[in-house]
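Reading the sequence shown from the start, the letters are residues 428 to 573 in our numbering.
Yeah, the Cβ is synthetic: ideal placement off N, Cα and C, and Gly gets one too.
Computed from a prediction, not measured in an experiment: that's the story for all the values here.
Inspection log for the structure reproduced underneath, given as structure tokens.
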Amino acid sequence: MSWGLDAVDAVNMSGFRNFITTDPYKAWQTGVTFSFDEEEKPTIKQMLFMVGYNGTHKMTDKLRLLTECRSLVQRYPEFDVKPFDTDSDMVDVIAEIPYSVKIVFASVIIASGISFFSSLSILLPHFLPRFLLALYALEWLDSFLI
Numbered sequence: 428m429s430w431g432l433d434a435v436d437a438v439n440m441s442g443f444r445n446f447i448t449t450d451p452y453k454a455w456q457t458g459v460t461f462s463f464d465e466e467e468k469p470t471i472k473q474m475l476f477m478v479g480y481n482g483t484h485k486m487t488d489k490l491r492l493l494t495e496c497r498s499l500v501q502r503y504p505e506f507d508v509k510p511f512d513t514d515s516d517m518v519d520v521i522a523e524i525p526y527s528v529k530i531v532f533a534s535v536i537i538a539s540g541i542s543f544f545s546s547l548s549i550l551l552p553h554f555l556p557r558f559l560l561a562l563y564a565l566e567w568l569d570s571f572l573i
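Below, the structure is given as structure tokens:
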């Protein structure tokens, strides 16, 4: 999506002082860190930027939205933007669930295999001779009965 800003190098900030110092916008000064140089040219160092959204009803919707926002701001590292939502932590947990389930499942399979083969290596030397002796005895008994 293009907003037609590809050719814009700078924004006209000549009215910034009047804008940021008059009602109702002077309340925004708490969310903006700015300064003026000797030529009264403003420089915004930091600012809080809020975006409203609708149609997001479930945590999975927020996961999708926050993932898209994060991928968008990664394309513009010069702005040092950090997407945030009040449920960001929970959204990150939801995003990790499939990976965690795979890791736990793989760990259980590996641990079960190790346990099985360890038990087999301990039990086999003890019971194999007895098992073979029992087979031999059954064969002998079978030949005796026939």
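- Under the criterion of beta carbons closer than 8 Å, M486 and M440 do not qualify as touching, at roughly 39 Å.
- Across the set F506, A454, T494 and R444, the C-alpha of R444 shows the shortest separation from the C-alpha of F463.
- I521 and L493 have their alpha carbons spaced roughly 12 Å apart.
- Residue environment analysis places K468 among the exposed positions, since fewer than 16 neighbouring C-beta atoms fall within 10 angstroms of its C-beta.
- The C-beta distance from V459 to M474 rounds to 4 Å, short enough to meet the 8 Å contact threshold.
- DSSP places K472 outside any alpha helix (DSSP H); the residue lies instead in the beta strand (DSSP E), whose first and last residues are P469 to M474.
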